[in-house]
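> Handing you a structure now.
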Amino acid sequence: MTTKLDARDVITLLRNHYNAPNRPKGWLFAPEIQAPNSDRRADLITAPLTRSGGSAIIGHEVKVSRSDVLAELADPTKHDDWAKYCDRWYLVVSDPTLVEGLDIPDHWGIMAPPSGRRTRSMTIIRKAPKLSPIGSSDGWMKLARWQTFRADEGLAEAARDVAWKEREADQLRAQVQNLQAAGTRSISPHLQTGLDLINRVSRRTSDEELWGNVDLDAIAAAVVDVEATRRAAETQRREIEALERYLDPARGSLAKHLASAKRLGAQGEIRSAS
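For the sequence shown, our numbering begins at 1147 and goes up steadily by one.
Structure representation (structure tokens):
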């Protein structure tokens, strides 16, 4: 059974189509961006970030239902406020059946989700023809402003992330102190790695290179190792206490036998002397 995709799902597929995960970004990806000198928004505008990608601005209108497609066709000029700055324009549908039997304008390309052996690249049902934008400079200026605004948002988010990581570091330090207070002296390699990273965080919280290289899995492993070590220490302490309680009666009985043996030995020595 095929899962029905919503607009957010389709945008995610488009993101992977233009910028493969774990690879350098080759496209500026601007969803829900307002057109220059207009309140109209495009569902997505993309533009190349590398020389090899050229200079074409590509617009996308995402539709996830037949009624949405019909509404768009009823007023095909709705997207003109952005399309006039674009070199190509795509109608992106969540399922190819949404456009079956419909007369799609010739200057629109049609995209659909990956199909067949495709796992990342979108299916191009019809390639968008080259358009003649009235001038792409306003489009590029809008994209530059949008990117700058997003960069400022990213810096603010990074600052919040740093503060959050500092709180995590404080919590980990508190766990380590509690563990040391409980009498556990040995520190595992995972915990030592976590402590080293925390020290680096404390010294260089604003260093972007540090955050690019930090291994969060090592910190998580260190926290888990702290908890596991503490539990092991507590279990061992309980077992020793239980063993001591078990041995207490035996020690008492042994002490009585030893005292009796000493008395008997002393009496034997006295008889021998007499």
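Heads up, the beta-carbon is just placed ideally off N, CA and C, and yes, glycines get one too.
Apart from the five residues on each side of it in sequence, which residues of its chain come closer than 7 Å, Cβ to Cβ, to Glu1354?
Here residue 1354 refers to the residue found at position 208 when the sequence shown is read from its first residue. Residue confidence is low: Glu1354 scores 49 on pLDDT, short of 50, so the model does not pin down where it sits. Its coordinate-derived value is still stated next. So no residue of the chain qualifies.
> Considering only C-alpha positions, which residue in the set Lys1288, Thr1149, Trp1228, Ile1157 is nearest to Ser1267?
Against the sequence shown, residue 1267 aligns to sequence position 121. Nearest to Ser1267 by alpha-carbon distance, out of Lys1288, Thr1149, Trp1228, Ile1157, is Ile1157.
> So Trp1235 packs on Gly1255, CB below 8 Å; how close in whole Å?
Walking along the sequence shown from the start, residue 1235 turns up at place 89. Walking along the sequence shown from the start, residue 1255 turns up at place 109. That pair is a contact at about 7 Å.
> Would Ala1193 and Ile1203 be called neighbours here (beta carbons separated by less than 8 Å)?
Taking the sequence shown and counting its residues from 1, one reaches residue 1193 at position 47. Taking the sequence shown and counting its residues from 1, one reaches residue 1203 at position 57. For Ala1193 and Ile1203, yes; Cβs fall inside 8 Å.
> What's the C-alpha gap between His1206 and Leu1301?
Counting from 1 along the sequence shown, the entry for residue 1206 is found at position 60. Counting from 1 along the sequence shown, the entry for residue 1301 is found at position 155. Distance between the alpha carbons of His1206 and Leu1301 is about 28 Å.
> Distance, Cα to Cα, Phe1452 vs Asn1324?
Absent from the structure is residue 1452, since the part of the chain shown begins at 1147 and ends at 1420.
> Select from Ile1270, Leu1219, Asp1252, Pro1167 the residue whose C-alpha is nearest the C-alpha of Leu1277.
Start at 1 with the first residue of the sequence shown, and residue 1277 comes out as number 131. Ranking the options by Cα distance to Leu1277, first place goes to Asp1252.
> Can you tell me which of the three DSSP states Val1156 falls into?
If you number the sequence shown from 1, residue 1156 lands on position 10. Correct three-state label for Val1156: helix.
> Looking at the strands, I want to know which residues DSSP matches up with Leu1219.
As a first step, residue 1219 must be located in the sequence shown, where it is residue number 73. In the DSSP output, where bridge partners are listed per residue, Leu1219 has none listed.
> Quick one: grab the DSSP three-state call for Met1287.
Position 141 of the sequence shown, counted from the first residue, corresponds to residue 1287. Helix.
> Closer than 8 Å by C-beta to Pro1275: which residues in its own chain qualify, once you throw out the five before and the five after it? Chain order, please.
Here residue 1275 refers to the residue found at position 129 when the sequence shown is read from its first residue. Closer than 8 Å at Cβ, skipping near neighbours: Arg1234, Asp1252, His1253, Gly1255.
> What separation, rounded to the nearest whole angstrom, lies between the Cα atoms of Leu1151 and Val1245?
Translated into the one-based positions of the sequence shown, residue 1151 becomes position 5. Translated into the one-based positions of the sequence shown, residue 1245 becomes position 99. Between Leu1151 and Val1245, the C-alpha separation is close to 15 Å.
> When DSSP labels each residue in this structure, what does Gly1199 get in the three-state scheme?
Working through the sequence shown from its first residue, we reach residue 1199 at position 53. Three-state DSSP puts Gly1199 in a helix.
> Taking just the CA atoms, how far does Pro1170 sit from Ser1184?
Translated into the one-based positions of the sequence shown, residue 1184 becomes position 38. Translated into the one-based positions of the sequence shown, residue 1170 becomes position 24. Between Ser1184 and Pro1170, the C-alpha separation is close to 32 Å.
> Using CA coordinates, which residue listed in His1163, Ala1181, Ala1309 is at the minimum distance from Ala1290?
Looking up residue 1290 in the sequence shown gives position 144. Nearest C-alpha to Ala1290: Ala1181.
> With the cut-off set at 8 Å, would you say Tyr1231 and Gly1172 are in Cβ contact?
Start at 1 with the first residue of the sequence shown, and residue 1231 comes out as number 85. Start at 1 with the first residue of the sequence shown, and residue 1172 comes out as number 26. No, the pair does not count as a contact, with Cβ atoms beyond the cut-off.
> Look up Trp1254 in the DSSP assignment and give the residues it is bridged to.
Locating residue 1254 in the sequence shown gives position 108, where the first residue counts as 1. Trp1254 is not bridged to any residue.
> What does DSSP give as the partner residue(s) for Tyr1236 in the beta ladder?
Mapped onto the sequence shown, residue 1236 falls at position 90. Residue pairing for Tyr1236: DSSP places it in a beta bridge opposite His1206, Gly1255.
> Please tell me whether Lys1209 and Leu1248 are closer than 8 Å, where the distance is taken between their beta carbons.
Sequence index remark: in the sequence shown, residue 1209 carries index 63 (1-based). Sequence index remark: in the sequence shown, residue 1248 carries index 102 (1-based). Not a contact, by the Cβ cut-off of 8 Å.
> Would you kindly work out how many angstroms separate the C-alpha atoms of Asp1226 and Pro1260, rounded to a whole number?
Walking along the sequence shown from the start, residue 1226 turns up at place 80. Walking along the sequence shown from the start, residue 1260 turns up at place 114. Asp1226 and Pro1260: Cα-Cα distance of roughly 27 Å.
> Would you kindly work out how many angstroms separate the C-alpha atoms of Val1212 and His1163, rounded to a whole number?
What you label residue 1212 is simply residue 66 of the sequence shown in a count that begins at 1. What you label residue 1163 is simply residue 17 of the sequence shown in a count that begins at 1. For the sequence presented, residue 1212 should be read as Arg rather than Val. Near 23 Å, if we compare the C-alpha coordinates of His1163 and Arg1212.
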